[in-house]
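Going left to right, the sequence shown walks through residues 1 to 384 as UniProt numbering numbers them.
The beta carbon of each residue, even a glycine, is placed where N, CA and C say it ideally should be.
Quick caveat: nothing in here was measured; it's all calculated off a predicted structure.
For reference, the structure discussed in these notes is given below.
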Amino acid sequence: MDRIGPRAMPLKLMIRIGGKLAYTLVDDGCTHNLIKPSFIKLHDLPFHQYKDSLSIKQTTVGSKGSINHWAQLDTQSPSGEVRSSEVFQLVALDRYDAFVSIDWIKQNLLVHRDNFAVWANGEIQIGEGSFDQQEARTVAERYARALTGEFLAAPEVLSSSVLPSGFCKDESGLVVTSNVVPTVVREELTALLEEFSDVFQDGASDELPPLREGMNHRIPLVDEVLVNNTRLYKMPDAFLTQFYALAEKHLRSGTWARGVANGAASVMARPKPADASKARFVSDLRQRNANTVKDQYAPPDQATIRNAVCRTIQRDGGVCTALDFPDGYHQVRVDPEDVPKTATRTPIGVILWLVMQQGDTNAGATFQRIWTSASRVASRWEYE
C-alpha cells in the first residue's frame, strides 16, 4: 500500500560548514549546533579550546560527558548563496558530520529552504537544479509547519469496514454502522446508546473522576526516600500552543493541580503516529518507574482475542464492535496518598496529577484490572 501524505522522516541536508560539504541532521530538539571533531581535523578547520569544560547531557558515541572545544564556522547552501556564522560544539557523532539546532532552522531553512540539497529517495542530491525540488519543498514545508504551528490535515487510510469515531446518525435517526448490520440491530443499538448516554459519551469527560474504592491507581515505591529529578525538556514551538490548551483544560477540571516538590519528572511532547501535527504529552517517569514495585497483573492473551474476532466475523457472520476509551488513563484517579509522587515539571511550572499518568510502569496493569472487573458482568467478554 502506497503511503499517503508527508513521510515522517528526519530532515537531512548536505550543507557547507566552513566551506566543506557536511552530512547534517536537522534536529528540532537540539539547543546547540554540534559537529564531529574528525570533520574539523579532516578539513583543517579552526577551532578553540574552552578554559573550563562544558558538561553535556546527550548520548553520543565516544562522549565522556564534557565538551572541550568549539568552532566558529560559516554555514551555507551547496552553491554558497546562504551564509550564517554559527558556533559549533565539538562532540563525537555517529552517523552525521553535524547537527544543527532549531534556532538555525528558523534563521536559515524556513527562509531559504529551496537552496538546500535534501536527502531524498535514499540518495544525496546536491546543488540547485540537480535534485528533486518538489521533494525538497514537500519536506521543507512539513518542517515549516511544524515550527509555526500551521499544519495541513494528514489523510487517513481507512478500511471500508472501519467507521470514524463518534455517534453519527443518518436521516432516519439511527446510529450509522457498517452496512452488514441489520436495521433491527441498529434500532436496538440507537436505543441503548440514548438510554445510557451518560456512559457512552462522544468524547472524554472534562470533569475530575471520583475516587473509586479498589480502583484507584497506587504508586508503591521500593525506596520512599529516593527522589527522582529530571530536567525540563525543550518542547517544539508548534506543540507549546497545544500544551497550553491542554494545561488550561486539566487545571480547570481539577485533574491537575499546581504544587511544589523536592524532585519531579518532566513532561515531553511526541507527535502522534496517525497525525504528526498533533502531540501526545507524556511524562518521563523512567527514574520513578525504576524505583516502583512492579504490578504483575497480566494483559489478556492477544491471540485468543484475535481468534475470537475472526471466528465471529468469518464463521458466524457476526459483527464486532471496538470500544474506544478517550483519555482512558485520565478517568482513573490516583490514590490521594500517592499524588505527591506524580510531581512533573512543565512549561507552566510543577504540577501534580490527580489522575493516572501516561508512562507510569503500572498504569497498564491498573487499567486492565479495572476493565476486567467491569467486563465480568458479561462472561463472554472476560478476555475481550
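Query	Result
Classification of Asp301 by the beta-carbon crowding that lies within 10 angstroms, buried from 16 upward	exposed
For Thr31 and Thr236, the rounded distance between their alpha carbons	Rather than Thr, the amino acid found at residue 236 in this sequence is Pro. Their backbone Cα atoms lie some 11 Å apart in a straight line.
Leu192 Cβ short of 7 Å to the ligand GDP heavy atom set	This structure lacks the ligand GDP, and indeed carries no ligand of any kind.
Beta strand (DSSP E) runs contained entirely in the UniProt domain "Reverse transcriptase" (271 to 375), provided each spans 3 or more residues	279 to 284, 344 to 346 and 349 to 353
Closest residue to Leu221 among Arg16, Lys341 and Ala265 (Cα-Cα distance)	Lys341
Sufficient close CB pairs (3 or more, under 8 Å) joining the segment 178 to 193 to the segment 298 to 312	no
Backbone secondary structure at Leu193 - three-state DSSP	helix
Proximity to Ala290 [Cα-Cα], best of Leu42, Phe325, Leu226 and Glu248	Leu226
Straight-line gap, Leu54 to Trp70 (C-alpha atoms, nearest Å)	10 Å
Exposed unless 16 or more other CB atoms sit within 10 angstroms - verdict on Thr183	exposed
Between the CA atoms of Arg333 and Pro210 - distance to the nearest angstrom	7 Å
Distance CB(Val355)-CB(Thr255) smaller than 8 Å	yes
Contacting residues, own chain, Cβ-Cβ under 7 Å from His43 (five flanking each side not counted)	Gly18 and Lys20
7 Å CB neighbourhood of Phe47 in its chain, flanking five on each side removed	Ile40, His69, Trp70, Ala71 and Leu90
Whole-angstrom distance between Lys12 and Ala238, CA atom to CA atom	20 Å
Counted within 10 angstroms of its Cβ, other Cβ atoms place Val293 as buried (16 or more) or exposed	exposed
Residue burial classification, Asp327 (beta-carbon count within 10 angstroms, cutoff 16)	exposed
Extent of the continuous beta strand (DSSP E) run through Phe99	Ala98 to Val100
Boundaries (first-last residue) of the alpha helix (DSSP H) holding His250	Asp237 to Ser253
Arg186 - DSSP class collapsed to helix/strand/coil	helix
Closest residue to Leu352 among Asp275, Tyr23, Glu337 and Asn307 (Cα-Cα distance)	Glu337
Distance between Asp94 and Tyr50 (C-alpha atoms, nearest Å)	23 Å
Residue range of the beta strand (DSSP E) that includes Leu25	Lys20 to Val26
Counted within 10 angstroms of its Cβ, other Cβ atoms place Asn307 as buried (16 or more) or exposed	exposed
Residues near Ala264 in its chain [Cβ-Cβ closer than 6 Å; skip 5 each side]	Ala343, Thr344, Arg345 and Val350
Residue environment, Ala245, which counts as buried when at least 16 other CB atoms sit within 10 Å	exposed
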